[in-house]
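Residues in the sequence shown are numbered from 103 upward in steps of one, following my numbering. Remarks on the structure that follows.
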Amino acid sequence: MLKIDSLYAGYGATEVLHGISLEVPRGKVVSLIGSNGAGKTTTMRAVSGMIKPKKGAVLLNGVDVTGLDSHRIARRGLAHSPEGRRVFPTLSVIDNLLLGAFPRFTGNREKGDVHGDLERAMELFPRLKERRTQLAGTLSGGEQQMLAMARASMLNPDLILLDEPSMGLAPIIVDEVFRIIARLKERGVTMLLVEQFAGAALAVSDYGYVMENGRISAHGPAEHLLHDPAVKAAYLGGH
Ligand code: ATP
Numbered sequence: 103m104l105k106i107d108s109l110y111a112g113y114g115a116t117e118v119l120h121g122i123s124l125e126v127p128r129g130k131v132v133s134l135i136g137s138n139g140a141g142k143t144t145t146m147r148a149v150s151g152m153i154k155p156k157k158g159a160v161l162l163n164g165v166d167v168t169g170l171d172s173h174r175i176a177r178r179g180l181a182h183s184p185e186g187r188r189v190f191p192t193l194s195v196i197d198n199l200l201l202g203a204f205p206r207f208t209g210n211r212e213k214g215d216v217h218g219d220l221e222r223a224m225e226l227f228p229r230l231k232e233r234r235t236q237l238a239g240t241l242s243g244g245e246q247q248m249l250a251m252a253r254a255s256m257l258n259p260d261l262i263l264l265d266e267p268s269m270g271l272a273p274i275i276v277d278e279v280f281r282i283i284a285r286l287k288e289r290g291v292t293m294l295l296v297e298q299f300a301g302a303a304l305a306v307s308d309y310g311y312v313m314e315n316g317r318i319s320a321h322g323p324a325e326h327l328l329h330d331p332a333v334k335a336a337y338l339g340g341h
């Protein structure tokens with residue numbers, strides 16, 4: 103589904119990713135964990151076309167999408183739910199969700215059943231259903247985060263990149279976000295997940311990669327990483 107091969111990327115003259123390789127197989131959830139500044143967000147940006155990689159390749163369903171503009175990559179079925187809940191504040195919840203489906207109408211992909219997908223998104227996020235006519239800018243932080251995830255799901259994507267979906271949320275809402283990730287997984291959605299709560303992220307994942315200073319320092323089945331003493335000590339708060 104997604105294959106990243108020896109990816110180098112950064113900002114201006116600063117190189118942040120020094121040759122990242124990883125794979126996300128179809129239907130699987132893969133976590134990318136690591137300390138602040140390790141380059142997790144940068145990896146997602148380089149995959150979705152928000153920044154241009156300097157070297158290396160990003161393959162989506164076997165197609166080389168390295169360096170394409172982000173809207174072209176979205177059309178090929180990749181949704182990026184970025185850090186910091188970027189919703190359209192002056193549009194309603196429903197309109198934000200419909201905009202998520204927009205790239206389906208500009209590419210060669212199957213348009214599918216937008217109305218049905220909207221119903222399914224509402225089912226998955228009942229809070230959004232209750233607030234469907236409310237302006238997105240007036241939602242709580244947690245609700246905006248859910249809207250960003252729901253909007254990503256409206257692309258009917260082959261793959262969702264979820265960057266820190268729990269950022270800044272109250273613990274009870276964090277639990278809800280992880281429940282939603284588990285339900286998306288049950289529906290067969292493929293995800294690459296970056297989370298500060300590494301333990302909870304690995305618990306919903308099939309596989310994990312550990313990133314340190316722009317390189318992958320370890321990887322393995324999520325279950326193994328959860329029990330790896332070095333990973334536990336560094337990223338799981340010793341629990
Ligand atoms: P966190 O868990 O803190 O979000 P991260 O692993 O996602 O960390 P990145 O956000 O990818 O890390 O940042 C990696 C490095 O790139 C950091 O040193 C950061 O300061 C730098 N960086 C990130 N965004 C930019 C930017 N837009 N311009 C310049 N440097 C940036």
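Cβ atoms here follow ideal geometry from the backbone N, Cα and C, with glycine treated the same way.
Is residue i helix, strand or coil when you go by DSSP?
| i | result |
| --- | --- |
| Leu230 | helix |
| Val195 | helix |
| Met103 | coil |
| Met146 | helix |
| Met269 | coil |
| Glu212 | coil |
| Ile122 | strand |
| Leu257 | coil |
| Glu278 | helix |
Run the proximity test for residue i: is its beta-carbon closer than 7 angstroms to any non-hydrogen atom belonging to ligand 1?
| i | result |
| --- | --- |
| Gly337 | Correcting the residue identity first, residue 337 is Tyr in this sequence and not Gly. Checking every heavy atom of ligand 1 against the Cβ of Tyr337, none is found closer than 7 angstroms. |
| Val118 | yes |
| Lys142 | yes |
| Tyr110 | no |
| Tyr311 | no |
| Asn315 | no |
| Gly121 | no |
| Asn138 | yes |
What are the residues that DSSP puts in a beta bridge with residue i?
| i | result |
| --- | --- |
| Leu312 | Inspection of the sequence shows that residue 312 is occupied by Val rather than by Leu. In DSSP, Val312 forms a bridge with Ile135, Ala320. |
| Tyr337 | The partner list for Tyr337 (beta bridge, DSSP) is empty, contrary to what the question assumes. |
| Lys287 | Per DSSP, none; premise fails for Lys287. |
| Leu237 | Ser194 |
| His182 | Leu263 |
| Leu109 | Ile122 |
Out of the options, state which residue places its alpha-carbon closest to the alpha-carbon of residue i.
| i | options | result |
| --- | --- | --- |
| Ala324 | Ile282, Ser133, Val118 | Ser133 |
| Ile106 | Gly114, Tyr113, Val126, Ala115 | Val126 |
| Pro259 | Gly202, Gln236, Asp308 | Gly202 |
| Lys130 | Arg289, Val312, His329 | Arg289 |
(message) With a threshold of 8 angstroms, are at least 3 pairs of Cβ atoms found where one atom belongs to the segment 256-265 and the other to the segment 180-187?
(response) yes
(request) Would you be able to state if there are at least three C-beta pairs under 8 angstroms between the segment 109-122 and the segment 141-154? (result) yes
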